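Below is one structure, written out as structure tokens; the observations come after it.
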Amino acid sequence: MSRTKDIAKKNSLRIIRKKRVRGSIAKGTAETPRVSVFKSNRYLSAQAINDIAGVTLAAVNSKALNLSASRENAVKVAAEFAEKLKAAGIEKVVFDRNGYLYHGVVAAFADGLRENGIKL
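According to the UniProt record's numbering, the stretch in the sequence shown is residues 1 to 120, in order.
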């Protein structure tokens, strides 16, 4: 029972950080969408969101690419995501770390986007 409470506490603290981060970043537009990252123990996913229209412009999931959530694979997922963004005509985005610490997999994903020509 205590493990369930620990997981619930961890998730509730992430939600609090998520709201704090979301309040400080700009809303996504068609020209500069918000890139929201979700990380689980197994997989990493990201999507480019136009908050004004409420539309997802591009998305990528490491499960579909048969990759796990590691730093090396985050760079590969970022490269695939950068290709999708460039195909949609997007060069600049607003990065939303979604309550996760900017460390490890999340930082590697952001660096991978920068390496592939996307401005954060």
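Cβ atoms here follow ideal geometry from the backbone N, Cα and C, with glycine treated the same way.
In this text the structure is predicted, and so the values were computed from the model without any measurement.
Inter-residue spacing [alpha-carbon to alpha-carbon] between residue i and residue j
i	j	result
Glu-83	Val-21	26 Å
Ala-108	Ala-46	13 Å
Thr-4	Gly-89	44 Å
Arg-17	Arg-42	22 Å
Ser-36	Lys-19	13 Å
Val-106	Asn-11	17 Å
Ile-7	His-103	20 Å
residue 121	Asn-66	Beyond the ends of the chain as shown, which are 1 and 120, falls residue 121; an answer cannot be given.
Gly-54	Glu-115	28 Å
Glu-80	Lys-9	33 Å
Ala-26	Phe-95	9 Å
Ser-62	Arg-71	12 Å
Ala-30	Gly-23	19 Å
Lys-87	Asn-73	Reading off the sequence, residue 87 comes out as Ala, not Lys. Distance between the alpha carbons of Ala-87 and Asn-73 is about 21 Å.
Asn-50	Ala-110	19 Å
Whether residue i touches residue j by CB criterion (9 Å)
i	j	result
Leu-113	Ala-69	no
Ala-64	Leu-57	no
Gly-28	Val-75	no
Ile-52	Glu-91	no
Tyr-100	Arg-34	no
Chain-order list of residues whose beta-carbon lies under 8 Å from that of residue i (same chain, five-residue window excluded)
i	result
Phe-38	Leu-44, Ser-45, Ala-46 and Asn-98
Val-60	Ser-45, Ala-46, Gln-47, Val-77, Glu-80, Phe-81 and Lys-84
Chain-order list of residues whose beta-carbon lies under 7 Å from that of residue i (same chain, five-residue window excluded)
i	result
Thr-32	Lys-92, Val-93 and Val-94
Ser-40	Ala-69
_My parser needs the alpha helix (DSSP H) runs of 4 or more residues fully inside the region 11-49; what are they?_
Taking 4 residues as the minimum length, the region 11-49 contains no alpha helix (DSSP H) run wholly inside it.
*What runs of the alpha helix (DSSP H), each 4 residues or longer, lie entirely inside the region 64-93?*
The qualifying runs are 71-87.
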